[in-house]
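Quick notes on the structure that follows.
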Amino acid sequence: MKILVPVKRVIDANVRVRVNSDQTGVELANVKMAMNPFCEIAVEEALRLKEAGHADEVIVVSAGPDKAQETIRTGLAMGADRGVHIQTDDTLEPLTIAKMLKAVAEKEGTDLIVLGKQSIDDDNNQTGQMLAALMGRPLGSYISSIEKNDGGFEIVREIDAGLEKLQITSPAVVTADLRLNEPRYASLPNIMKAKKKPIDAMSPADLGVEVSNRLQTVKVVEPPAREAGVMVSGASELVDKLRNEAKVI
Amino acid sequence: MSVLVIAEHDGSQLSPGTLNTVTAASKVGGDVHVLVAGNGVSDIAAACAKIGGVSKVLAADGASYANDITENVASLVNAHVGDYSHVMAPASTFGKALVPYAAALADCQSISDISEVVDAETFVRPIYAGNAMATVKSSDATKFITVRTTSFELADDASGSAEVSNIDDAGATDWVQFIEQMLSQSERPELTSAKIVVSGGRGMQNGENFAMLEKLADTLGGAVGASRAAVDAGFVPNDYQVGQTGKVVAPDLYVAIGISGAIQHLAGMKDSKVIVAINNDEEAPIFQVSDFGWNEDLFTAVPALQAELDQ
Ligand SMILES: Cc1cc2nc3c(=O)[nH]c(=O)nc-3n(C[C@H](O)[C@H](O)[C@H](O)COP(=O)(O)OP(=O)(O)OC[C@H]3O[C@@H](n4cnc5c(N)ncnc54)[C@H](O)[C@@H]3O)c2cc1C
Ligand SMILES: Nc1ncnc2c1ncn2[C@@H]1O[C@H](COP(=O)(O)O)[C@@H](O)[C@H]1O
């Protein structure tokens, strides 16, 4: 079995993000970047399936500018076998990304595609769903476990009311939720080894996809700020304020 | 212009999020129709027909829709999408899985988690865990949208008298087989629509200690939530998680107990009307967004608060 893991380069989750001065996006200069945390979980799960003997090869793919190669290297350092870089400086929407990922998956003949459920910059939560729809393959969204079996995969999904277990056929598209696993750190020797692993570069046009955006960002602004209120020193003071001042209980 | 709202329900009850979504749909202008898919949905279809502002209910009744299988509901939506300028669903796990899937089938780019309708093409949505608000304009023929339910009022669920029309089952995929659901059982109000939420974090130390918060929530008539750290540690189930990648809540009162206030947690609760924080670290970031902060050990504060309320 071949597993494809799409990964995205995003602003590190610990960075305090600020809107830029011309209100077109957020400040990106000198900001620490990292692999999207949900993509790390996706890579980890693919590696575990390989280590359990269910897969022969794990391929990481990222679409974006040259720097996306750093993120691919992170995946290779974790243990993925090779990388695919879809090189473009254009702004990419999930639909376009899904079209490109479909082309890569079909070219590679992958049996399983593991994505993150959400990128923490745009908070889209869309690409995996779109990819499954375009490919006409089953979707396992928000999974917290996956097991390979004869019929395909048994997955458990995190849903608003609890958990849901489904059996889906292979090839399949799944998206990783937080509780799927705890991703490993790349060791120094593996980081060195990753430098020698191959990354295949291509353009969207090579994949037969035209980048055409449907959404125009009109402006980006700071959210309304919340002011810190007062400190209380005991239960009776708190209850009094909630009852008589805020009137919420 | 006409908007198709996809109803969310559990087989017996319509989710309140559907009512918030109808309000968002009404702001677009034009007719609002509601699509209900399920196995035995006549009662829910009747409930949808009573929602104020809804002029038509499309009811698809069939075994294909017994368990919100994304593929099946998406094909159904797709069979009707030609009649609509907008398709909207609540940004719940149901809607978040469904809407992008259906959008891709129609070659459209969906818009996630909108918090404001500016006009029929333009919407505001939070990005970067709510650290920025983006206004986006869509050029798609049909706008596929998930709605941040806490940003819109509940539509009234009694004044409507829409016609209900039955639509054909669009069939079921054989790729996906439902096995079971493991649902959290609770008598408490549902987290995303509760008026009061009492949430615990890593500071709770273990699952047993959450009994204190359950008692407090029951006294206040509220729901219990948690931070990711508390869920990851196994104190409480996954469906308690509030935050950027969990549930978004905006109750009248949110009580954060033993929660530091990481940006990812704030993303899910900072629109609450009144925030109370109980934390023994006076530097905890949660105090910067709370209306009432109490710098105290929670194992002292929570029993004291309970005793005060019990009086
Ligand atoms: C991709 C990603 C997604 C995430 N999504 C979410 C999300 O949706 N929701 C979410 O909540 N987090 C999310 N997080 C995690 C988030 O970054 C924080 O790690 C998490 O919110 C911390 O939870 P906490 O406040 O319970 O724990 P901590 O940060 O460890 O805080 C515990 C607090 O309890 C206090 N405390 C300890 N003991 C006591 C005591 N006896 N009395 C009083 N106070 C006490 C401490 O002072 C501290 O402030 C996400 C992170 C990532 C990277
Ligand atoms: N530019 C990209 N290149 C490769 N994969 C991506 C890219 N953007 C998103 N993805 C994948 O899609 C998942 C969900 O992203 P999103 O739909 O943007 O929230 C991510 O976790 C990745 O697995």
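Chains A and B are the protein sequences, given in the same order. In short: position in the first sequence from 1, add 852, done, that's the working numbering. In short: position in the second sequence from 1, add 185, done, that's the working numbering. Every residue gets a Cβ at the ideal spot worked out from N, C-alpha and C, and that includes glycine.
- Short note on residue 867(A): C-beta not closer than 7 Å to any heavy atom of ligand 1.
- Counting along the chain, the unbroken beta strand (DSSP E) around residue 271(B) starts and ends at 271-275.
- For the segment 854-868 of chain A, the beta-carbon criterion of a distance under 8 Å to any beta-carbon of chain B is satisfied by 863, 865 and 868.
- Leaving aside the five residues that flank residue 410(B) on each side, the residues in its chain whose CB is nearer than 6 Å to its CB run, in chain order, 376, 382, 384, 425 and 427.
- Taking all protein chains shown into account, residue 905(A) has fewer than 16 neighbouring C-beta atoms within 10 Å of its C-beta and is therefore exposed.
- Counting C-beta atoms within 10 angstroms of its own C-beta, residue 870(A) has fewer than 16 neighbours from the protein chains shown and is therefore classed as exposed.
- Per DSSP, the unbroken beta strand (DSSP E) holding residue 323(B) starts and ends at 317-323.
- Ranked by how close their Cα comes to the Cα of residue 248(B), the residues 317(B), 330(B), 192(B) and 356(B) have 356(B) in first place.
- Contact check for residue 916(A) against residue 940(A) passes: the beta carbons are separated by less than 8 Å.
- With a threshold of 16 other beta carbon atoms within 10 Å, residue 353(B) falls short and is exposed.
- Only 945 and 946 from the segment 924-946 of chain A bring a Cβ to less than 8 Å from some Cβ of chain B.
- Rounded to the nearest whole angstrom, the C-alpha separation of residue 1019(A) and residue 881(A) is 45 Å.
- For the set 418(B), 463(B) and 216(B), the Cα lying nearest the Cα of residue 474(B) is the one of 463(B).
- Listed in chain order, the alpha helix (DSSP H) elements of length 4 or more contained wholly in the segment 219-283 of chain B are 227-234 and 255-265.
- Taking 9 Å as the Cβ-Cβ cut-off, the segment 993-1020 of chain A approaches chain B at 993, 994, 996, 1003, 1004, 1006, 1008, 1009, 1010, 1011, 1012, 1013, 1014, 1015, 1016, 1017, 1018, 1019 and 1020, given in chain order.
- Beyond the five residues adjoining it in sequence on each side, residue 864(A) comes within less than 6 Å, by CB distance, of 884 and 886 in the same chain, given in chain order.
- Taking 7 Å as the cut-off, the C-beta of residue 488(B) does not count as close to any heavy atom of ligand 1.
- At a cut-off of 8 Å between beta carbons, residue 478(B) contacts chain A.
- Assignment of residue 450(B) by DSSP, reduced to helix, strand and coil, places it in the helix class.
- For residue 853(A), the closest C-alpha among the options 1091(A), 923(A) and 960(A) is that of 960(A).
- Within its own chain, the residues whose Cβ lies closer than 6 Å to the Cβ of residue 206(B), once the five positions on either side in sequence are excluded, are 190, 273, 275 and 332, listed in chain order.
- Between residue 1014(A) and residue 198(B), the C-beta gap is not smaller than 8 Å, which leaves the two residues out of contact.
- Rounded to the nearest angstrom, the Cβ distance from residue 1070(A) to residue 307(B) is 7 Å, consistent with a contact under 8 Å.
- Only 429, 430, 432, 437, 438, 448 and 449 from the segment 428-450 of chain B bring a Cβ to less than 8 Å from some Cβ of chain A.
- Between residue 417(B) and residue 1030(A), the CB-CB gap stays under 8 Å.
- Proximity of the segment 965-980 of chain A to the segment 1022-1042 of chain A meets the contact definition, three or more beta-carbon pairs being nearer than 8 Å.
- Taking the Cα positions, residue 398(B) is about 19 Å away from residue 453(B).
- Comparing alpha-carbon positions, the option among 423(B), 322(B) and 238(B) lying closest to residue 995(A) turns out to be 423(B).
- Put simply, the backbone Cα of residue 1097(A) is about 11 Å away from that of residue 476(B).
- Taking 8 Å as the cut-off between beta carbons, the residues of the segment 965-978 of chain A near chain B are 969, 970, 972, 973, 974, 975, 976, 977 and 978, in sequence order.
- DSSP places residue 960(A) in the uninterrupted alpha helix (DSSP H) bounded by 946-960.
- Interface criterion not met: the Cβ of residue 949(A) is under 8 Å from no Cβ in chain B.
- Excluding residues up to 5 positions away in sequence, 193 and 253 lie with their Cβ nearer than 6 Å to the Cβ of residue 279(B) in the same chain.
- Pairing residue 406(B) with residue 373(B), the inter-Cα distance amounts to about 7 Å.
- Counting only runs of at least 3 residues, the segment 422-496 of chain B fully encloses the following beta strand (DSSP E) elements, listed from N- to C-terminal order: 438-442, 459-464 and 477-480.
- In the displayed model, residue 363(B) falls within a strand according to three-state DSSP.
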